[in-house]
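Quick note, our numbering runs 842 ahead of the 1-based positions in the sequence shown. Idealized CB from N, CA, C, for every residue including glycine.
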Amino acid sequence: MKEAIRNFGRDNGVDAVGFAAIGDYHSPRTPDPGTLLPGVKSIVVLGYRELDGGLESENKQIRMMSRLALMSLVTRNNYLLAKFIEDRFRVKAAAIAPSYPLNMTAPGMGLVADLSLRHAAVAAGLGVFGRHNLVIHPRYGTRIIFTACLTDLAIDSDPPVQDELCNQCNLCVESCPAKALDEEGKTDPMKCLRVSQPNGIGGAIAYGKKFIGATPESMKEQLVNPRFLELYQASFIGFEYHCFKCETVCPACR
Ligand code: B12
843 MKEAIRNFGR
853 DNGVDAVGFA
863 AIGDYHSPRT
873 PDPGTLLPGV
883 KSIVVLGYRE
893 LDGGLESENK
903 QIRMMSRLAL
913 MSLVTRNNYL
923 LAKFIEDRFR
933 VKAAAIAPSY
943 PLNMTAPGMG
953 LVADLSLRHA
963 AVAAGLGVFG
973 RHNLVIHPRY
983 GTRIIFTACL
993 TDLAIDSDPP
1003 VQDELCNQCN
1013 LCVESCPAKA
1023 LDEEGKTDPM
1033 KCLRVSQPNG
1043 IGGAIAYGKK
1053 FIGATPESMK
1063 EQLVNPRFLE
1073 LYQASFIGFE
1083 YHCFKCETVC
1093 PACR
């Protein structure tokens, strides 16, 4: 069964596949997975390495494009994997988003996912947490993105990674342009968001506020301002990440 799913991954551009029995998934801040798929027994976690050329480019469009392309691949694959599991094993399967859609209601307000893919990846033997609060894979290091499928098919967990892959070099902390990693074991989401997603919701709200009480001339000016054009573009291209510093500086497993 694991072999069939691993082969599916290999044929579809997946770089790493891991399995976690639901009892081994421990993520205190995210909901009970049983509320996502009643009777869920396991999580299949897929890992995709990110392109070095994309991550390291000085050109922001190139960095974004690599992630955008990867996100469309992982989204498609996730649906196909869930369908493959349902058709092949006559069980239920549900695809988990790589990032969006997120629950935007309080208290999480888009900062807590339905399933924590980092905790799922650790439970599925795909890596360990590093000082940057990201999961380090033994082969691909930090340059890896995850998705997952939930299923009511019973599968044993893969063995956990035992090695301490983070050498506490602190490069991620020192290089973070947002200073979002200063407190150990916690990423400051607001600090990170301002730099990693400047055209996200926070940016759109701040820009929208400029229209309150503005004169018609000023409104016209705001609508042709490059800042508005950036926000407009971001609203339909999605997954618009500007910063990848904590991923690129990490020397683990490279
Ligand atoms: C919301 C979100 C964010 C928020 C963070 C909110 C938060 N506190 O987690 C913001 C916008 C800041 C963010 C930033 C980034 N993100 Co993000 N994000 C997510 C998302 C959608 C949900 C995460 C979530 O639910 N967190 C809430 C709960 C689960 O977190 P928590 O329990 O509080 O756990 C935190 C700490 O306790 C700590 N932690 C928990 N256990 C342990 C154990 C040890 C030993 C240590 C040291 C730490 C630790 O880690 C967590 C980080 O704060 C996930 C996708 C997903 N579905 O999981 C991607 C995800 C986590 N992001 C990812 C990435 C790559 C990024 C960025 C690099 C941006 C980018 N360019 O892509 C930065 C990295 C910032 C960083 N170094 O932490 C990847 C991580 C891949 C990996 N290799 O680990 C994910 C898994 C997306 C994916 N599909 O792969 N993200």
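Listed in chain order, the alpha helix (DSSP H) runs fully inside the region 1008-1080 are 1013-1017, 1031-1038, 1043-1051, 1058-1065, 1068-1079, counting runs of at least 4 residues. In the structure shown, T947 adopts coil according to DSSP, grouped into three states.
The C-beta distance from G865 to A963 rounds to 16 Å, too long to fall under 8 Å, and the pair is not in contact.
Note on the region 883-956: whole alpha helix (DSSP H) runs with a minimum of 4 residues are 894-898, 902-931, in chain order. No Cβ-Cβ contact shorter than 8 Å links E1082 with R985. For H961, no pairing in a beta bridge is given by DSSP.
With respect to the 8 Å criterion, Y867 and H979 are not classified as neighbours on the basis of their beta carbons. Proximity to A1094 across N945, G983, A955, S1077 peaks at G983, based on C-alpha coordinates. In this structure, D894 is the residue among G950, D894, T877 with its C-alpha nearest to the C-alpha of K1087.
R871 has its alpha-carbon roughly 19 Å from the corresponding atom of G972. Among the bridge pairs identified by DSSP, C991 is matched with V886, A937. Around the C-beta of G876, fewer than 16 other C-beta atoms lie within 10 Å, and the residue is accordingly described as exposed. The beta carbons of V856 and L888 sit closer together than 8 Å. In the three-state reduction of the DSSP assignment, I986 falls in the strand class, which pools E and B.
For the 8 Å CB-CB criterion, V970 and E1025 do not form a contact. Residue environment: R852 is assigned as exposed (fewer than 16 neighbouring CB atoms within 10 Å of its CB, all protein chains considered). Going by C-alpha positions, L912 is about 43 Å away from T1057. The beta carbon of G896 lies closer than 8 Å to those of I904, R905, M907, S908, R909 in the same chain, with the five residues before and after it left out. Annotation for Y1083 indicates a beta carbon within 7 Å of some heavy atom of the ligand B12.
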